[in-house]
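Take a look at the structure below.
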Amino acid sequence: MRKLVIFALFLSVLPSYRRCIAQTPPDPYRARALAILKTVPLIDGHNDIPDAIRERGGVDSVNFAVSQPKLMSDVPRLRAGHVAGQFWAAYVPVTTMDSGSHPAVYALEQIDLVRRLCARNSRSMAMAYTAADVQRNFAAGKISCLIGIEGGHAIENSLGALRMFYDLGTRYMTLTHWRSLDWATASTDTARRGLSPFGKQVVLEMNRLGMLVDLSHVNDQTMSDALHASRAPVIFSHSSARALTNHPRDVPDSILKLVAANRGVVMVNFNPGFVSEAVRVYGDTVNARLERLRAAGADSATRADSLKAWTAAGPHATLAQVADHIEHIRQVAGIDCVGLGSDFDGITEVPVGLEDVSRFPDLIAELLKRGWTEADVQKVAGLNTLRVMREAERVSREMRGVTRAIR
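Sequential numbering from -1 applies to the sequence shown in this note's numbering.
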């Protein structure tokens, strides 16, 4: 009898519930965002899916065409996120400088993985090497696969290797990762030095080739040296604003002003520690606690469990904070100098509201909600990155016409 009463009550409220759902209007800002992303290619400057797939056994072990719940990226969610151009990071661990595969070999394997991944998903994806390729693929309804090498140690101090990587499709190179090289200083290094004379040669040869110079991961002096040396616009493929989050991986205002003069683009990173000052500070305390556990002899499982619990209990970054970084860069460097560089599948935590590649329209909607014009949103989504690519291509044509390859 009790079950019948409960069921009758359910039936009585069901019509009201349905009317409530039916009367809930769709988010007008998200609807506008989706409409805008049908007119302009959204380009993400940095996604680490190649190494995430490599760790899972390679292309043959992951069906990227279907949902991959343990990853932040797959074709269905790229489609849902209206991603039209993706720079896949050919990440090269700095440990390869000491043992194991040569850095150049590791980079070659990552490039091979990207090309095979793209070919395996040719109904949805196509390789791109120029801004025109991205536009052509977008018109055809395909996601452009672009390659960026993460870590200048991949060239093993060889400009010849740099040229070969360009011929294989690499269109940007991050000058360092977290460890300094002989010719460029990383953001983790307290040394005040920047680019060596050879480092400036690397930048100029990248200009001549048409390969974008990526300054994410380098220290402030290297940023400045590269911006003064480069004849083409540079990029920060996945960095945010240091004025909002005091992390060395973020870009200070003094450098943002140089980026404005260079006409480059800072592609805002979604890493919570680069986006939220509270998360960054809390992360420092967690690292200190982990060091104490390690010193006390705690095993790796204990440390991992503690890290998971401490992270869950700490503050969390938000989509709104990512939008704050975009707005700050616009304010300091100008609307032409800001883009998107998520770092998805290379980060272990994500901002609330930006959990995976399907959520890009929500970020665009947030900017519209803040009063951004459609024209400005289009620039952030992809037009700024396309402009920088075209400028790099133009500089390359000019330099190839008057100079030879640097030896």
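From the three backbone atoms N, C-alpha and C, an ideal C-beta is built for every residue, glycine too.
Using only the alpha-carbon positions, how far apart do residue 400 and residue 206 sit? Taking the sequence shown and counting its residues from 1, the one referred to as residue 400 is at position 402. Taking the sequence shown and counting its residues from 1, the one referred to as residue 206 is at position 208. Straight-line Cα distance between these residues: approximately 10 Å.
Tell me whether residue 248 counts as near the ligand FMN, meaning its Cβ is closer than 7 Å to at least one heavy atom of that ligand. Ligands in the displayed structure: none, and consequently the ligand FMN is not present.
Close-in-space but distant-in-sequence residues of the same chain around residue 347 (CB under 7 Å, 5 per side omitted): Locating residue 347 in the sequence shown gives position 349, where the first residue counts as 1. Taken in chain order, the residues that qualify are 270, 309.
Between residue 15 and the rest of its own chain, which residues show a CB-CB distance below 7 Å, the 5 nearest in sequence each way excluded? Taking the sequence shown and counting its residues from 1, the one referred to as residue 15 is at position 17. No answer about residue 15 holds up, because its pLDDT of 46 lies below 50 and its placement is not dependable.
Compare the beta carbon distance of residue 380 and residue 40 with 8 Å and say whether it is the shorter of the two. Residue mapping note: residue 380 aligns to position 382 of the sequence shown, counting from 1. Residue mapping note: residue 40 aligns to position 42 of the sequence shown, counting from 1. It is a contact, given that the beta carbons lie within the stated cut-off.
Name the one or two DSSP bridge partners that residue 31 has. Stepping through the sequence shown from its first residue, residue 31 is reached at position 33. Bridge partners of residue 31 according to DSSP: none are assigned.
So, under 8 Å CB-CB, residue 92 and residue 105 are touching, yes? Tell me the CB distance rounded to an integer number of Å. The count along the sequence shown starts at 1 and reaches residue 92 at position 94. The count along the sequence shown starts at 1 and reaches residue 105 at position 107. Contact between residue 92 and residue 105 is ruled out by a C-beta separation of about 12 Å, above the 8 Å threshold.
I'd like to confirm the pairing. Which residues does DSSP put opposite residue 86 in its beta bridges? Translated into the one-based positions of the sequence shown, residue 86 becomes position 88. Paired residue(s): 45, 145.
Grab me the residues of residue 361's own chain with a C-beta within less than 7 Å of its C-beta, minus the 5 sequence neighbours each way, in chain order. Position 363 of the sequence shown holds residue 361. Cβ neighbours of residue 361 beyond the five flanking positions: 317, 320, 321, 352.
Relative to the alpha-carbon of residue 261, which residue among 53, 45, 124, 232 has its alpha-carbon at the smallest distance? Position 263 of the sequence shown holds residue 261. Closest by C-alpha distance to residue 261, out of 53, 45, 124, 232, is 232.
Just checking, does the region 55 to 66 make contact with the region 329 to 344 on the three C-beta pairs under 8 Å criterion? With a cut-off of 8 Å, the region 329 to 344 and the region 55 to 66 do not count as touching, because too few Cβ pairs lie within range.
If I follow the unbroken beta strand (DSSP E) through residue 169, where does it start and stop? Residue 169 sits at position 171 when you count from the first residue of the sequence shown. From DSSP, the beta strand (DSSP E) with residue 169 extends over 168 to 172.
Roughly how many whole angstroms lie between the Cα atoms of residue 345 and residue 290? Counting from 1 along the sequence shown, the entry for residue 345 is found at position 347. Counting from 1 along the sequence shown, the entry for residue 290 is found at position 292. Near 24 Å, if we compare the C-alpha coordinates of residue 290 and residue 345.
Please go through the same chain and pick out, in chain order, the residues whose beta-carbon is closer than 8 Å to the beta-carbon of residue 118, but skip the five residues on each side of it. Indexing the sequence shown from 1 puts residue 118 at position 120. Result list for residue 118: 57, 62, 63, in chain order.
Cα separation between residue 219 and residue 190? Along the sequence shown, read from residue 1 onward, the residue named residue 219 stands at position 221. Along the sequence shown, read from residue 1 onward, the residue named residue 190 stands at position 192. Between residue 219 and residue 190, the alpha-carbon positions lie close to 7 Å from each other.
Closest Cα partner of residue 80 within the set 30, 292, 108: Counted from its first residue, the sequence shown places residue 80 at position 82. If we check each option's Cα against that of residue 80, 30 comes out closest.
Find out if the Cβ-Cβ distance for the pair residue 224, residue 193 is shorter than 8 Å. On the sequence shown, position 226 is the one that residue 224 refers to. On the sequence shown, position 195 is the one that residue 193 refers to. Taking 8 Å as the Cβ cut-off, residue 224 and residue 193 qualify as a contacting pair.
In chain order, which alpha helix (DSSP H) runs of at least 4 residues are fully inside the region 309 to 351? The region 309 to 351 contains these whole alpha helix (DSSP H) runs: 317 to 331.
To the nearest angstrom, report how far apart residue 146 and residue 184 are at their CA atoms. Walking along the sequence shown from the start, residue 146 turns up at place 148. Walking along the sequence shown from the start, residue 184 turns up at place 186. Here the C-alpha atom of residue 146 lies approximately 18 Å from the C-alpha atom of residue 184.
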